[in-house]
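**Q** Quick one: this structure, given as structure tokens, is what I'll be asking you about.
Numbering (the numbering used here), first residue to last: 287 to 382.
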């Protein structure tokens with residue numbers, strides 16, 4: 287099942303959805319896939335901030351992978367967890 291979701295994300299999220307960030311590709315965010323993909327469907331977010339541990343950058347963007355990483359960070363099993371800074375977010379935003 288995960289293989290199918292990955293293929294779906296890598297194809298559909300470059301064709302259909304919304305864009306929040308300036309990237310040099312056609313990546314899109316597809317909200318309704320976020321539960322099935324554990325947050326990977328915030329694909330435009332991922333392409334804008336590739337080293338970020340968090341894909342769902344807004345409070346309402348479901349990102350199950352981030353919830354797991356954050357829990358691991360809280361209990362000390364994940365360190366050096368990266369998130370985009372406010373200046374990075376301002377620089378990459380489509381609308382200012």
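Ideal placement from N, C-alpha and C gives every residue a C-beta, glycine not left out.
(1) In whole angstroms, give me the CA-to-CA distance for residue 374 and residue 307.
(2) Tell me the residue span of the alpha helix (DSSP H) that contains residue 335.
(3) Select from 353, 364, 372, 360 the residue whose C-alpha is nearest the C-alpha of residue 325.
(4) Got a sec? Which residues, its chain only, sit under 6 Å from residue 343 by beta carbon, not counting five neighbours each side?
(5) In terms of alpha-carbon separation, which member of 303, 349, 334, 359 lies closest to residue 321?
(6) What are the start and end residues of the alpha helix (DSSP H) that includes residue 360?
(7) According to DSSP, simplified to helix, strand and coil, what is residue 320?
(8) Kindly identify the DSSP beta-bridge partner or partners of residue 304.
**A** The short version:
(1) 11 Å
(2) Counting along the chain, residue 335 falls outside any alpha helix (DSSP H), and DSSP gives it neither H nor E.
(3) 353
(4) 331
(5) 349
(6) 350–360
(7) coil
(8) 315
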